[in-house]
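Student: Read left to right, the sequence shown gives residues 1 to 347 (my numbering). Below you'll find the structure I mean.
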Amino acid sequence: MNVIKEIDIEQSIEKGFTFVDVRTPEEFKEFHIPRSYNVPLFTLEEKKIVSEIYRTKGEKEARLKAVEIVSPKIPSIVSRVAEIKKRHENVVIYCWRGGLRSLAVATFCNLAGVFVFRLKGGYRAFRQFILDDIQRILGDKKLYVIYGPTGCAKTHLLRNLAKKGFSVIDLEGLAGHRGSVFGSIGLKQPSQKMFDALLWAKLRKLSNEKFILVEGESKRIGRLFIPEPFWKKMEQGINIMVELPLEARVEYSMKDYRVGRYSSDVYLQPLKRIEKYLPQEIYKEIKSAINEGSYRKAIELLMVYYYDKLYKRSMPGKCNIKISVATVSELEEKIINLLQSQDIPEG
1 MNVIKEIDIE QSIEKGFTFV DVRTPEEFKE FHIPRSYNVP LFTLEEKKIV
51 SEIYRTKGEK EARLKAVEIV SPKIPSIVSR VAEIKKRHEN VVIYCWRGGL
101 RSLAVATFCN LAGVFVFRLK GGYRAFRQFI LDDIQRILGD KKLYVIYGPT
151 GCAKTHLLRN LAKKGFSVID LEGLAGHRGS VFGSIGLKQP SQKMFDALLW
201 AKLRKLSNEK FILVEGESKR IGRLFIPEPF WKKMEQGINI MVELPLEARV
251 EYSMKDYRVG RYSSDVYLQP LKRIEKYLPQ EIYKEIKSAI NEGSYRKAIE
301 LLMVYYYDKL YKRSMPGKCN IKISVATVSE LEEKIINLLQ SQDIPEG
């Protein structure tokens, strides 16, 4: 009989092995090892049934029910893993904590001659590994942190710099949020665990780079938090402050927030959350502008009476360099020249 080969997470990643997650589709959707395949042993409803039997009747009855549910699925599960192995030689099976689900699937596969590894500790081991690995990869890297008032096209700038070959981590892109009270419009955030995993995967790709560009954020992006090691590195980063005229910022925000694509209610709901921070007459003026479709006016008022004041309070204490230009294209040109010259003061 073939013995199931177990492998730890670090070894699996270093060797570039392929992961198969055997948890339910719902668990997989919430978080998984990046680029994993999902070959579920149970549906969510089946998992609940087995868990309830375990709670009320004990482990033996729960296992018997699990066998009853899984038995008809064994050929299709093995077949799907075999298909994955045609494209990827080494496959690692995992579940939540390296328990019975991954053991069962690895056993079925190996008995059928589809030889796989089983991940020690399951997803939990991966989770701990990436939090440690983020700190290790950051090491003595420099982070160039781009700050600036709302509408200064910082995210657009970073994405263009990435296309030109610069090392960039788009935190807002990974977090599915623009980092403002209106930042969730048209976007969907991943879970905290998935965000951390995506950040780690991106950081790992840049592990040989000397510096990385990121946008200055608060520690929280929407409902997600930047992992502590990365946040501390940002606090120690080299700060680049960028500024654009108000008109250019309003115009960029019109595009970035896809203004006009959604009903006024989509904008009024987050506006209500900041009502207490605005003069009452200004709040009413912004609300009326949104209802009338006068979005440029609403955005300009929000910038002057809310975002710019908030930004001044949250600015980092240290500014290494400041760039004030008239257009987004000028801003990109200045940043590229700055990075290529590496003439950035660090004190």
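Ideal Cβ positions, reconstructed from N, Cα and C, are used throughout, including at glycine.
Would the stretch 20-31 count as touching the stretch 85-97 if we require 3 or more Cβ pairs under 8 angstroms?
Tutor: Verdict: yes, contact present.
Student: Is there contact between the stretch 216-227 and the stretch 101-120, where contact requires at least three CB pairs shorter than 8 angstroms?
Tutor: Cβ pair count under 8 angstroms is below three, so no.
Student: Sort out for me which residues DSSP pairs ARG220 with in a bridge.
Tutor: As a working mapping, residue 220 is identified with position 220 in the sequence shown. Note: ARG220 sits in a beta bridge opposite PHE225.
Student: Could you tell me the distance, in whole angstroms, from the CA atom of CYS109 to the CA atom of GLY176?
Tutor: Indexing the sequence shown from 1 puts residue 109 at position 109. Indexing the sequence shown from 1 puts residue 176 at position 176. Answer to the nearest angstrom: the Cα atoms are 37 angstroms apart.
Student: Please classify PRO227 as buried or exposed, where buried requires at least 16 neighbouring CB atoms within 10 angstroms.
Tutor: Within the sequence shown, residue 227 is the residue found at index 227, counting from 1. Buried: at least 16 other Cβ atoms inside 10 Å.
Student: Let me confirm a value: ALA326 is counted as buried when at least 16 other C-beta atoms fall within 10 Å, else exposed. Which label applies?
Tutor: Along the sequence shown, one-based indexing puts residue 326 at 326. By the 10 Å Cβ count, ALA326 comes out exposed.
Student: Mind checking who LEU213 pairs with in its DSSP beta bridge?
Tutor: If you number the sequence shown from 1, residue 213 lands on position 213. DSSP, once it has assigned bridges, lists TYR144 and VAL168 as partnering LEU213.
Student: Span of the alpha helix (DSSP H) holding ASN291?
Tutor: Taking the sequence shown and counting its residues from 1, one reaches residue 291 at position 291. Run containing ASN291: 280-291, per the alpha helix (DSSP H) assignment.
Student: Just the C-alpha distance for VAL266 and THR43, rounded to the nearest angstrom, thanks.
Tutor: Here residue 266 is taken as the residue at index 266 of the sequence shown, counted from 1. Here residue 43 is taken as the residue at index 43 of the sequence shown, counted from 1. If you take the alpha carbons of VAL266 and THR43, they lie about 34 angstroms apart.
Student: State buried or exposed for SER167, treating a residue as buried only when at least 16 other CB atoms are found within 10 Å of its CB.
Tutor: Position 167 of the sequence shown, counted from the start, is the residue given in the question as residue 167. SER167 is buried by the Cβ-count criterion.
Student: For LYS210, count the other beta carbons within 10 Å of its own beta carbon; 16 or more makes it buried, fewer makes it exposed. Which is it?
Tutor: The residue labelled residue 210 in the question sits at position 210 within the sequence shown. Classification of LYS210: exposed, given that the 10 Å Cβ count is below 16.
Student: Report the CB separation of PRO270 from PHE182 in whole angstroms; it is logged as a contact under 8 angstroms.
Tutor: Counting from 1 along the sequence shown, the entry for residue 270 is found at position 270. Counting from 1 along the sequence shown, the entry for residue 182 is found at position 182. That belief holds up - the Cβ atoms of PRO270 and PHE182 are roughly 5 angstroms apart, short of 8 angstroms.
Student: What is the rounded straight-line gap between the Cα of ILE49 and the Cα of GLU6?
Tutor: Here residue 49 refers to the residue found at position 49 when the sequence shown is read from its first residue. Here residue 6 refers to the residue found at position 6 when the sequence shown is read from its first residue. ILE49 and GLU6: Cα-Cα distance of roughly 29 angstroms.
Student: Identify which residue in TYR283, ARG261 and SER12 has its Cα closest to the Cα of GLY293.
Tutor: The residue labelled residue 293 in the question sits at position 293 within the sequence shown. The option with the nearest alpha carbon to GLY293 is ARG261.
Student: Among residues of its own chain, excluding the 5 on either side of ASN160, which ones have a beta-carbon nearer than 8 angstroms to its beta-carbon?
Tutor: Within the sequence shown, numbered from 1, the residue matching residue 160 stands at position 160. Cβ within range, chain order: GLU332.
Student: Would you report the Cα separation of SER314 and PRO72, rounded to the nearest angstrom?
Tutor: Walking along the sequence shown from the start, residue 314 turns up at place 314. Walking along the sequence shown from the start, residue 72 turns up at place 72. In a straight line, the C-alpha of SER314 is about 58 angstroms away from that of PRO72.
Student: For ILE7, name the three-state secondary structure that DSSP assigns.
Tutor: Along the sequence shown, one-based indexing puts residue 7 at 7. Here ILE7 sits in strand by DSSP.
Student: Between SER207 and the rest of its own chain, which residues show a CB-CB distance below 7 angstroms, the 5 nearest in sequence each way excluded?
Tutor: Indexing the sequence shown from 1 puts residue 207 at position 207. Hits under 7 angstroms: ILE137.
Student: Which residues in the same chain as GLN189 place their Cβ atom closer than 7 angstroms to its Cβ, once the five residues preceding and following it in sequence are excluded?
Tutor: For the purposes of this step, residue 189 is taken as the residue at position 189 of the sequence shown. Here the set comprises ALA175, GLY176, HIS177, GLY222, ARG223 and LEU224.
Student: Buried or exposed: which applies to CYS319, given that a residue is buried once 16 or more other Cβ atoms fall within 10 Å of its Cβ?
Tutor: For the purposes of this step, residue 319 is taken as the residue at position 319 of the sequence shown. Per the 10 Å Cβ criterion, exposed.
Student: Alpha carbon to alpha carbon, how far is GLU172 from GLY179? Give it in angstroms, no decimals.
Tutor: Looking up residue 179 in the sequence shown gives position 179. Looking up residue 172 in the sequence shown gives position 172. Those two C-alpha atoms are separated by around 7 angstroms.
Student: When the distance is taken between beta carbons, is LEU157 closer than 8 angstroms to ASP170?
Tutor: Position 170 of the sequence shown holds residue 170. Position 157 of the sequence shown holds residue 157. Contact: no.
Student: What is the DSSP secondary structure of ARG97, counted as helix, strand or coil?
Tutor: Mapped onto the sequence shown, residue 97 falls at position 97. It is coil, neither helix nor strand.
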